[in-house]
Structure formats: C-alpha cells, structure tokens
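Enquirer: Start counting the sequence shown at 13; every next residue gets the next number (this note's numbering).
Cβ coordinates follow ideal geometry from the N, Cα and C atoms, glycine included.
Would you mind keeping the following structure in view while I ask a few things?
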Amino acid sequence: MITYLPTYNIFVTGGAGFIGSNFIFYMLDKHPEYRIVCIDKLTYAGNLSTLAAVMDNPNFRFCKVDICDRKAVYELFEEEHPDIVVNFAAESHVDRSIENPEVFLDTNIKGTAVMMDACRKYGIQRYHQVSTDEVYGDLPLDRPDLFFTEETPIHTSSPYSSSKAAADLLVLAYHRTYGLPVTISRCSNNYGPYHFPEKLIPLMIANALADKPLPVYGEGLNVRDWLYVEDHCKAIDLIIHKGRVGEVYNVGGHNEKTNIEIVKIICKELGKPESLITHVEDRKGHDMRYAIDPEKISSELGWYPETRFEDGIKKTIKWYLENRQWWETIISGEYQKYYEKMYGDREQINKK
Ligand code: NAD
Ligand code: TYD
Numbered sequence: 013m014i015t016y017l018p019t020y021n022i023f024v025t026g027g028a029g030f031i032g033s034n035f036i037f038y039m040l041d042k043h044p045e046y047r048i049v050c051i052d053k054l055t056y057a058g059n060l061s062t063l064a065a066v067m068d069n070p071n072f073r074f075c076k077v078d079i080c081d082r083k084a085v086y087e088l089f090e091e092e093h094p095d096i097v098v099n100f101a102a103e104s105h106v107d108r109s110i111e112n113p114e115v116f117l118d119t120n121i122k123g124t125a126v127m128m129d130a131c132r133k134y135g136i137q138r139y140h141q142v143s144t145d146e147v148y149g150d151l152p153l154d155r156p157d158l159f160f161t162e163e164t165p166i167h168t169s170s171p172y173s174s175s176k177a178a179a180d181l182l183v184l185a186y187h188r189t190y191g192l193p194v195t196i197s198r199c200s201n202n203y204g205p206y207h208f209p210e211k212l213i214p215l216m217i218a219n220a221l222a223d224k225p226l227p228v229y230g231e232g233l234n235v236r237d238w239l240y241v242e243d244h245c246k247a248i249d250l251i252i253h254k255g256r257v258g259e260v261y262n263v264g265g266h267n268e269k270t271n272i273e274i275v276k277i278i279c280k281e282l283g284k285p286e287s288l289i290t291h292v293e294d295r296k297g298h299d300m301r302y303a304i305d306p307e308k309i310s311s312e313l314g315w316y317p318e319t320r321f322e323d324g325i326k327k328t329i330k331w332y333l334e335n336r337q338w339w340e341t342i343i344s345g346e347y348q349k350y351y352e353k354m355y356g357d358r359e360q361i362n363k364k
C-alpha cells in the first residue's frame, strides 16, 4: 500500500525578515512536498536577497503584500487556498517602537486581525501567531528561580511588547468567539543568520569588525535568554503539526546571558579588544530579565534546543564573516540615518 504524505500550502508572513526566512528554509528542506507562500511588505527589515536561494524552487512563491491590506490579502487567499498561516510579519525592534509606536499598532495588531479575518472567511486548518516572551514583561535580577510560564500574566513594558500582547489577546479571542483554530508561540531572543544588524548580536559583530564602539545600554546587566533561530523554527513546525488548538507554547532554551557577557564573547571570538565597549544611555523602560520555562512544549511535543550557545554563536559569527555583502549592503544605505539618529546623540556614560 502506498501512503501519501499530507501536503500543505503554508502562508508565511514576514518571510523576508530574520526568523521568517530561516523558517522558510527549514520548512522547504524538512517538508519538500509542502508549498510555501511568503507574504511580505518588504519594510526596511525585509530583504528579498535573503530569499534568493529559494526563489526558483517550484514549491515557493513570494508575494509583496502588506498584511494590513485586506483586499490584497483576501485576493491571495482566494487564489492560493492556504491550509496553514504562520504570522511572523511584525515591526520587531523595541527601540524603534519607543521612537514611533504607531506603525507597531498597525502591523502587529491590525495586520494580525486582517490575517485572521481572511482565515475565517476562507477557512483554515491552523492559524499560528509568532509571539514573544516580551509579553510577560520582565523578571527581577535577584530572583533567578523565576521563569515565564504560559500562566504568567501579560505585563508589557514597551510599545512593541504591548502591540504583540494585544495581538495575542486578539488571537485567543478569535479562537473563543469564532472557533478559529489558533496556536501561539512565545519565544525568547533569537540569534543566527540573517538577523538584521540593528539588533544586539549582529550590531556588535558588525561594529567590532569595523573597530567601531560597541554601544552597551546602561551597565549591560540586563539578561536575555538566547535561542538559535533554527531551534525556534523547529518548535513552530512541531506546534503547527502537533500543538493543541487554542494553546500557547513558550519556547526558550535556558540560556541566559547578560548583554555585557554577549558583547565580551563577540570581542573574544573576533579577536577584538574589550576597550571597544562603550556604555551609553539606557533604553527607556528597559526590561531587566527574560527567562522562559519550556516545560510545556518539551513534555507535550518533545521539543528541545539542539544548538548550544557556544556553538550557535560561533556559527553565527562565521556566517556574518562569510556573508559580508548581505549586511554591508544594509548598513550602507538608509540604515545609516537610523544609526546616526539612535546612537549619534546617545550620551556616553562611561568607557571601559
Ligand atoms: P524582522 O524585523 O527581522 O522581520 C519582520 C518581517 O516582517 C520583515 O521581512 C518585514 O518586511 C515584514 N513586515 C513588516 N511589516 C509588514 C506588513 N505590514 N506586512 C507584511 N510584512 C511586513 O523580525 P524577526 O526578528 O524575524 O521577528 C519575526 C517575528 O518573531 C515577529 O513577530 C517578532 O515579534 C517575533 N519574535 C522575534 C524574536 C527575535 O528575537 N527576533 C523573538 C521572539 C519573537
Ligand atoms: P535587542 O536585540 O534589541 O532585543 P530585545 O530588546 O528584544 O531583547 O536587544 C537585546 C538587549 O541588548 C537588550 O537588553 C538591549 C541591549 N542592547 C544594547 O545594549 N545595545 C544595543 O545597541 C542594542 C541594539 C541592544
């Protein structure tokens, strides 16, 4: 008897960004029989060159569409009849949300609603919302015994995390009110290839390579729980296939590091002096510590992080060294203006 594997048509929004592109590569490799349609507005954070390797894959299609554009989204649903939607599309940078919250409300909240309305209208097997541990707010540094579980109350700090939390609540409301088959993943900080160079790890790699100052906010004692991006992709793949509808799954690998530790590791790996480290004015409302308890996804779905931080950071640095053109193109363009605006006036508080 021949058994046919199920084949799905999956919409991946925000697939020209960091995690979405890694997810597309992961899925086309792991499930070559699936069709993947990437929906991306190509904001400053989206980069079509990232997807060059899959553009000719007959099971892949790229569509330049804004998820807030209801008409365009509905037309695409009519044409493609997706089985699963994985919504990565978002404004994702906390510092930008502090400067200009409005676009975060549009894409992260209204865009999520448009995607779910399309799912209701045309039918869907699963709508998956890619969320963040930042919806839980932060934990105190002096309580290393505390972790975010799925039961931790939502308690946001930044316009970014508030917009993501609002979207999460909307997703759960669409499940309860309309019976939409949803799941949500709340992941900790990712790192790896194609990470936009405004975020901590790629920014420090790029600056260190150029012997530029490494701008650490405040004392650099804030803690993040770092996860290699492929491990996040694996978690989402498991959730969309085996996760229980209506459930939230936290994703994180118990890999907590202070920012200053991260920057020192990057200096060491690149053979650069720590004297490049420059302590600058702190981020407003800066969350102290994020730490995920991944017990639910581990015990229910058998997920575990495969890449140890020591290996992942080496792989990431190697990738940035071997793909200079990708990030040098980004930081030579519009991004220069952003960098000047964010860091040009930022008061240097001391230099170590
Ligand atoms: P990113 O900023 O690298 O990419 C976002 C992508 O979304 C870009 O390609 C951009 O062009 C696209 N986009 C933005 N607005 C859009 C719109 N209106 N319509 C269509 N496309 C649009 O972000 P990322 O770091 O890859 O994050 C992806 C998702 O994962 C986000 O939802 C984020 O909240 C979540 N997340 C990120 C992290 C992390 O560490 N980066 C951790 C947990 C969760
Ligand atoms: P970031 O990569 O922006 O992710 P998030 O704010 O979502 O956790 O920042 C990670 C940490 O690094 C955060 O505590 C802020 C800090 N940071 C710096 O110290 N300097 C920088 O230039 C940046 C971009 C971040």
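At a threshold of 7 angstroms, does A218 count as lining the ligand NAD (C-beta to nearest heavy atom)?
Expert: Every heavy atom of the ligand NAD is 7 angstroms or more from the Cβ of A218, so no.
Enquirer: Going by C-alpha to C-alpha distance, which of L117, N202, L153 sits closest to K174?
Expert: For clarity, residue 174 is Ser in the given sequence; the question names Lys instead. Answer by Cα proximity: L117.
Enquirer: Between which residues of its own chain and M216 is the CB-CB distance below 6 angstroms, once the five residues before and five after are set aside?
Expert: L226, V275, I278
Enquirer: Since V194 is in the beta strand (DSSP E), which residue starts that stretch and which ends it?
Expert: 194 to 199
Enquirer: CA-CA distance, R336 and I110?
Expert: 29 angstroms
Enquirer: Is it buried or exposed, D299, if we count other Cβ atoms within 10 angstroms and call 16 or more buried?
Expert: buried
Enquirer: Would you list the residues sitting across from N21 in a DSSP beta bridge?
Expert: R47
Enquirer: When the Cβ atoms of the region 241 to 257 are set against those of the region 188 to 200, are three or more pairs found closer than 8 angstroms?
Expert: yes
Enquirer: Does DSSP put R256 in a helix, a strand or coil?
Expert: Coil.
Enquirer: Looking at L233 and the ligand NAD, is the gap between the Cβ and the nearest heavy atom below 7 angstroms?
Expert: No; taking the cut-off as 7 angstroms, the Cβ of L233 has no heavy atom of the ligand NAD nearer than that.
Enquirer: When DSSP builds the beta bridges, which residues end up paired with P227?
Expert: T290
Enquirer: Flag this pair as yes or no: are the beta carbons of L63 and L54 separated by less than 8 angstroms?
Expert: no
Enquirer: Tell me whether H167 is buried or exposed, calling it buried when 16 or more other Cβ atoms sit within 10 Å of its Cβ.
Expert: exposed
Enquirer: Excluding sequence positions up to five away, which residues of its chain have a Cβ less than 6 angstroms from the Cβ of A130?
Expert: Excluding residues within five positions, the ones whose Cβ falls inside 6 angstroms are V85, Y86, F89.
Enquirer: Can you give the Cα-Cα distance for E293 and I22, rounded to whole angstroms?
Expert: 43 angstroms
Enquirer: Scan the region 24 to 86 and note each continuous alpha helix (DSSP H) run of 4 residues or more that stays entirely inside, going in chain order.
Expert: 30 to 42
Enquirer: Compute the beta-carbon to beta-carbon distance between P306 and V263, rounded to the nearest angstrom, for a pair I have assumed lies under 8 angstroms.
Expert: With a contact defined as Cβ atoms closer than 8 angstroms, P306 and V263 qualify at about 6 angstroms.
Enquirer: Ignore the nearest five residues each way along the sequence and tell me which others in K98's own chain have a CB closer than 6 angstroms to its CB.
Expert: Per the sequence shown, the amino acid found at residue 98 is Val instead of Lys. V24, H140.
Enquirer: If we ignore side chains and look at the alpha-carbon of each, how far apart do R155 and R295 end up?
Expert: Looking at the two C-alpha atoms, the distance is approximately 22 angstroms.
Enquirer: In the DSSP assignment, find the beta strand (DSSP E) that holds Y172 and state where it starts and stops.
Expert: First-last for Y172: 171 to 190, but that is the alpha helix (DSSP H), not the beta strand (DSSP E).
Enquirer: Do you know offhand how far D180's Cα is from Y148's?
Expert: 11 angstroms
Enquirer: How long is the line joining the alpha carbons of I79 and T270, rounded to whole angstroms?
Expert: 35 angstroms
Enquirer: Suppose you measure from the CA of N69 to the CA of N34; what does that come to, to the nearest Å?
Expert: Rounded to whole angstroms, N69 and N34 show a C-alpha spacing of 15 angstroms.
Enquirer: Given the structure, does R295 come close to the ligand TYD, in the sense that its CB is under 7 angstroms from one of the ligand's heavy atoms?
Expert: yes
Enquirer: According to DSSP, simplified to helix, strand and coil, what is H244?
Expert: Residue state, collapsed to three classes: helix.
Enquirer: Are L192 and R132 close, meaning C-beta to C-beta below 8 angstroms?
Expert: yes
Enquirer: Determine, using beta carbons only, whether V241 and Y203 come nearer to each other than 8 angstroms.
Expert: In this structure, Y203 lies closer than 8 angstroms to V241 by Cβ.
Enquirer: Does the ligand NAD have a heavy atom nearer than 7 angstroms to the CB of E103?
Expert: yes
Enquirer: Does DSSP put Q370 in a helix, in a strand, or in coil?
Expert: With the chain covering only 13 through 364, there is no way to say anything about residue 370.
Enquirer: Identify the residues that DSSP records as bridge partners of T144: which are they?
Expert: C199
Enquirer: Quick one: is the Cβ of K176 within less than 7 angstroms of any heavy atom of the ligand NAD?
Expert: yes
Enquirer: Taking 7 angstroms as the line, does the beta carbon of C80 fall inside it for any heavy atom of the ligand ADP?
Expert: Looking at this structure, you won't find the ligand ADP anywhere; what it does contain is the ligand NAD and the ligand TYD.
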